[in-house]
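S.K.: Going by this note's numbering, the sequence shown opens with residue 2, and the numbers climb by one from there. Positions of the beta carbon are idealized from the N, C-alpha and C atoms, including for glycine.
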Amino acid sequence: MNLLVMGAQGSGKGTVSEALKKQFGVATISTGDMFRSAIKNQTELGKIVEPIINAGHLVDDQLTFAILKERLKEKDCKHGWILDGFPRTLNQAKELCECEHIDKVIYLDVDYQTILDRIVGRRVCPACGHIHNIKYSGDPFYCSVCNTKYIVRDDDKPDAIAKRLKIFKEQTLPAKEFFEEKGLVLNVDANKSLSYTLDQILEGLKVL
Ligand code: ADP
Ligand code: ZN
C-alpha cells in the first residue's frame, strides 16, 4: 500500500506516519528527516540544504525528487510506503504520479491556532530524535527517553514558522488540490487527539 500524508506544519504528519507504519508494516519516509540527518552528518547534501531549511525555505524540487527516488528503491519499500512531507509542491506531486502508484492521500486538516500551539511548544531531542511538546506533561527541558537537553529546531522559531506556513498555502495546497481532482484525498480532522485522527484514517482506508 502506498500512502501520502499531507498537512501543514504541526498537523502531526510525522506522528501519524509512524503510527500507520506500525499498523501496516510498510516503510515510512520523511524527506524532512532525511535532510536533517544529512545536515547532522554534514554530508554533501547536508551542506547544500542546511541554509535553505534553516531559513524556512523549500529545498529545490529536482534535488528532493532525486533523493526520494533513490530511497524508494531500497528493500524496505518493496511492500509499500508512507511518505511524510512529500510532495510539497505541485511539480513534485505531478512527478510522483508519473512514476508511482498512489492508493490514498491522507490530508491532516488543522486550524491555525492548533498549528501555533503545537509548533511553538515543540522540542526535539538532538540525541535520539524524540519529540516532545511542553504543553503536555513530562519534563519540559530533558528528553524523557535519553535525558539529553531538548532543543528548538531552527525552523520552529517564529520567523521561520510564518514563512513555512505561507509556503504551505502557496505551494503545497495546490498539490493537495491536484490529488483531490483525482479523487485520492481522505480529509481528516486533525485538531483533536492522535487516536481520533487515526480512527478517521483507518475508517477511511477500509474501502481500499
Ligand atoms: P515540517 O513538516 O515541520 O515543515 P519537515 O520535517 O517535513 O517539517 O521538513 C523540514 C524542512 O525540510 C522543510 O521546511 C523544507 O525546507 C525541507 N523539505 C522537507 N520535505 C521537502 C520537500 N518534499 N520538498 C522541499 N523541501 C522539503
Ligand atoms: Zn533523547
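Determine the closest residue to F25 out of E45, M2, V50 and K136, with distance taken between C-alpha atoms.
M.R.: The residue labelled residue 25 in the question sits at position 24 within the sequence shown. Of the candidates E45, M2, V50 and K136, the one whose C-alpha sits nearest the C-alpha of F25 is M2.
S.K.: Do L97 and G8 have their CB atoms nearer than 7 Å?
M.R.: Within the sequence shown, numbered from 1, the residue matching residue 97 stands at position 96. Within the sequence shown, numbered from 1, the residue matching residue 8 stands at position 7. For L97 and G8, no; Cβs fall outside 7 Å.
S.K.: Run through the DSSP bridge pairs and tell me what T173 is partnered with.
M.R.: Your numbering for residue 173 matches position 172 in the sequence shown. Its beta-bridge partners do not exist; DSSP assigns none.
S.K.: Between V6 and D85, which are expected to be in contact by the criterion C-beta below 8 Å, what is the C-beta distance as a whole number of angstroms?
M.R.: As a working note, residue 6 is residue 5 in the sequence shown. As a working note, residue 85 is residue 84 in the sequence shown. With 8 Å as the limit, V6 and D85 qualify as a contact, their Cβ atoms being about 5 Å apart.
S.K.: Rounded to whole angstroms, what is the Cα-Cα separation between L206 and I116?
M.R.: The residue given as residue 206 occupies position 205 in the sequence shown. The residue given as residue 116 occupies position 115 in the sequence shown. One C-alpha to the other measures close to 25 Å.
S.K.: Since L69 and F87 should fall inside the 8 Å C-beta cutoff, what is the C-beta to C-beta distance between them, to a whole number of angstroms?
M.R.: Counting from one through the sequence shown, the residue named residue 69 turns up at place 68. Counting from one through the sequence shown, the residue named residue 87 turns up at place 86. 6 Å between Cβ atoms; contact.
S.K.: Taking Cβ to Cβ, would you say D157 is nearer than 7 Å to R123?
M.R.: Locating residue 157 in the sequence shown gives position 156, counting from the first residue. Locating residue 123 in the sequence shown gives position 122, counting from the first residue. Going by C-beta atoms, D157 is nearer than 7 Å to R123.
S.K.: When you compare each of N42, G130 and I107 to E204 by their alpha carbons, which one comes out closest?
M.R.: Along the sequence shown, read from residue 1 onward, the residue named residue 204 stands at position 203. Of the listed residues, the one whose Cα sits closest to E204 is I107.
S.K.: Alpha carbon to alpha carbon, how far is C144 from E71?
M.R.: Locating residue 144 in the sequence shown gives position 143, where the first residue counts as 1. Locating residue 71 in the sequence shown gives position 70, where the first residue counts as 1. Spanning the two alpha carbons is a distance of roughly 33 Å.
S.K.: Can you give me the C-alpha to C-alpha distance between K150 and F142, rounded to a whole angstrom?
M.R.: What you label residue 150 is simply residue 149 of the sequence shown in a count that begins at 1. What you label residue 142 is simply residue 141 of the sequence shown in a count that begins at 1. Using only the alpha carbons, I get a separation of about 6 Å.
S.K.: Since V50 contacts A39 with CB under 8 Å, what's their CB separation in whole angstroms?
M.R.: By one-based count along the sequence shown, residue 50 stands at place 49. By one-based count along the sequence shown, residue 39 stands at place 38. Yes, they are in contact, since the Cβ atoms of V50 and A39 sit about 7 Å apart, within 8 Å.
S.K.: Less than 7 Å between CB atoms is the rule here; does W82 satisfy it with respect to chain C?
M.R.: Absent from the structure is chain C; it holds one protein chain and no more.
S.K.: Does the distance from the CB of Q172 to the CB of V189 come in under 7 Å?
M.R.: Looking up residue 172 in the sequence shown gives position 171. Looking up residue 189 in the sequence shown gives position 188. Against a cut-off of 7 Å, the Cβ pair of V189 and Q172 comes out as no contact.
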